[in-house]
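Reviewing the structure listed below.
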Amino acid sequence: MRITFWGVRGSIPCPGRKTYRYGGNTPCIELSFEDMKRSLIIDAGSGIRELGNLIMARDFPKGPLNIEIFLTHTHWDHILGLPFFTPLYIPGSQVRIYGPASFDGNSLQEVVGSQFSYHYFPIRYAELAAEIDYVELKEGSCDLRDGFIIKTKFLNHPVLCLGYRFERNGLAFCTLYDTEPFRSVFIDNPANPDYDEDMHHEGEMIAFEENRRVEEFISGADIVIYDGQYTLKEYQSGKVGWGHSPCEYAIAAAARAGVKRLCLFHHDPLRTDDELDQLTEVLCTPHISGSMNVFFAKEGTSINIT
Ligand SMILES: [Zn+2]
Ligand SMILES: [Zn+2]
21 MRITFWGVRG SIPCPGRKTY RYGGNTPCIE LSFEDMKRSL IIDAGSGIRE LGNLIMARDF
81 PKGPLNIEIF LTHTHWDHIL GLPFFTPLYI PGSQVRIYGP ASFDGNSLQE VVGSQFSYHY
141 FPIRYAELAA EIDYVELKEG SCDLRDGFII KTKFLNHPVL CLGYRFERNG LAFCTLYDTE
201 PFRSVFIDNP ANPDYDEDMH HEGEMIAFEE NRRVEEFISG ADIVIYDGQY TLKEYQSGKV
261 GWGHSPCEYA IAAAARAGVK RLCLFHHDPL RTDDELDQLT EVLCTPHISG SMNVFFAKEG
321 TSINIT
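What follows is the structure, given as structure tokens:
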């Protein structure tokens, strides 16, 4: 199993001299297996443009393209690279897009495809030459042939967002980003006149159970790519409810779940390369992470899991 990072940044592309070492492109990850000729991509952030160019040079000369894209959700930073993904314009290409089913009446195709309108882009959806189909996912598990299984879990984000667990040949790789710890949605301040102790208690129990289910979902994984947009201090200083996790929580949750390698991902656009180096020194040490290998994702790097 090989994982390649084409985009690791959250929220908005941020190229520049302060981000060039870790990378400024938004989420896009390539997943490949030596013995399986399938092109598997997680998210279509700005990083997918370069990946599309590589697919055209590497795979297209060998025959028609067959590509599967797994969207975690449809926030802009996870789909904005799609109009620049060359395989969509190649007749004979087949592109299957998986993503969360929405509950507001708009299909996945409508949400993703609405980028291709003259208001936003010079090419209309109807002009795309590839054969594109969509698979809407809820929580559960899917057998994708070749011994390849995906499992999905709803995360805690301001829109429906999926965590993925990819399993094959006894190896497990999970994505768990654009999420933050679940918490009670009920009033927790006893001084508030609307405070209800029973409701508060119930809310705490539900949040606890959901956080436990997330840890069960990534249990024993060989590698987990986890949201690490903030430090705990930043998170507690006005970022609760923004849908992203503090690195310290990600490390503790992954360690409890028995994860082997933890990759912190979806770096804040304000985070410089030097700051990521400093965070590596502070957080990616046995003192904090125990025997688990912890690192910050870097665009352009690959990891082999065996
Ligand atoms: Zn995002
Ligand atoms: Zn998001």
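Last residue of the sequence shown: number 326 in this note's numbering, and the count goes up by one each step with no gaps. Each residue gets a CB set at the ideal place from its N, CA and C atoms; glycine is no exception.
query                                                                                                                                                                          : result
Give me the residue from N176, G167 and G30 with the minimum Cα distance to R233.                                                                                              : N176
With burial defined as no fewer than 16 other Cβ atoms inside 10 Å of the residue's Cβ, what is the status of P81: buried or exposed?                                          : exposed
What is the DSSP secondary structure of M21, counted as helix, strand or coil?                                                                                                 : coil
Return the chain-ordered list of same chain residues with a C-beta closer than 6 Å to the C-beta of E17, the five sequence neighbours on each side being excluded.             : The structure shown has nothing for residue 17, since the chain only spans 21 to 326.
Enumerate, from N- to C-terminal direction, the unbroken beta strand (DSSP E) stretches of 3 or more residues contained entirely within the segment 240–284.                   : 243–247
Is the separation between the beta-carbon of L91 and that of D63 shorter than 9 Å?                                                                                             : yes
Label Y246 either buried or exposed according to how many other C-beta atoms from any shown protein chain fall within 10 Å of its C-beta, with 16 as the threshold for buried. : buried
Going by the beta-carbon positions, is the gap between A277 and E229 smaller than 9 Å?                                                                                         : no
Can you have a look at M225 and say buried or exposed, based on whether 16 or more other CB atoms are within 10 angstroms of its CB?                                           : exposed
Considering Cα atoms alone, identify which of E301, S59 and R69 is closest to W26.                                                                                             : R69
Strictly by DSSP, which residues pair up with M312?                                                                                                                            : DSSP, once it has assigned bridges, lists no residue as partnering M312.
May I ask you to list the residues that DSSP assigns as paired with V115?                                                                                                      : I87 and I152
Relative to the C-alpha of E151, which candidate in L191, F174, Y109 and Y140 has its C-alpha closest?                                                                         : Y109
Which same chain residues, not among the five before or five after E268, have their C-beta less than 6 Å away from its C-beta?                                                 : L252
Could you tell me which residues DSSP puts in a beta bridge with T172?                                                                                                         : G160 and Y184
Around ligand 3, which residues pass a check of Cβ closer than 5 Å to any of its heavy atoms?                                                                                  : Ligand 3 is absent from the structure shown, which contains only ligand 1 and ligand 2.
What alpha helix (DSSP H) runs, 4 residues minimum, are completely inside the segment 21–87?                                                                                   : 68–78
Determine, using beta carbons only, whether R116 and I89 come nearer to each other than 9 Å.                                                                                   : yes
Can you tell me whether T199 is buried or exposed? The criterion is at least 16 other CB atoms within 10 Å of its CB, across all chains shown.                                 : buried
When every heavy atom of ligand 1 is checked, does at least one fall within less than 8 Å of the C-beta of H220?                                                               : no
By a C-beta neighbour count over all protein chains shown, 10 Å radius and 16 as the cutoff for buried, is V244 buried or exposed?                                             : buried
Looking at G67 and N45, is the spacing between their C-beta atoms short of 9 Å?                                                                                                : yes
Closest by CA to N324, which one among S52, G36, D166 and P35?                                                                                                                 : S52
If you compare alpha carbons, which of Y184, N231, A211 and H221 is closest to P201?                                                                                           : N231
Going by other Cβ atoms of all chains shown within 10 Å of its Cβ, with 16 needed for buried, is E319 buried or exposed?                                                       : buried
Looking at the structure shown, is T106 part of a helix, part of a strand, or coil, going by DSSP?                                                                             : helix
Drop a sphere of 10 angstroms on the beta-carbon of K173, count the other beta-carbons inside from all chains shown, and report buried for 16 or more, exposed for fewer.      : buried
Check whether the Cβ of S311 sits closer than 8 Å to any heavy atom of ligand 1, and report yes or no.                                                                         : no
When you compare only the Cα positions, how much space is there between P107 and S161?                                                                                         : 28 Å
Would you mind working out which of G36, G65 and M21 sits nearest M56, comparing C-alpha positions?                                                                            : M21
Should A317 be labelled buried (16 or more other beta-carbon atoms within 10 Å of its own) or exposed?                                                                         : buried
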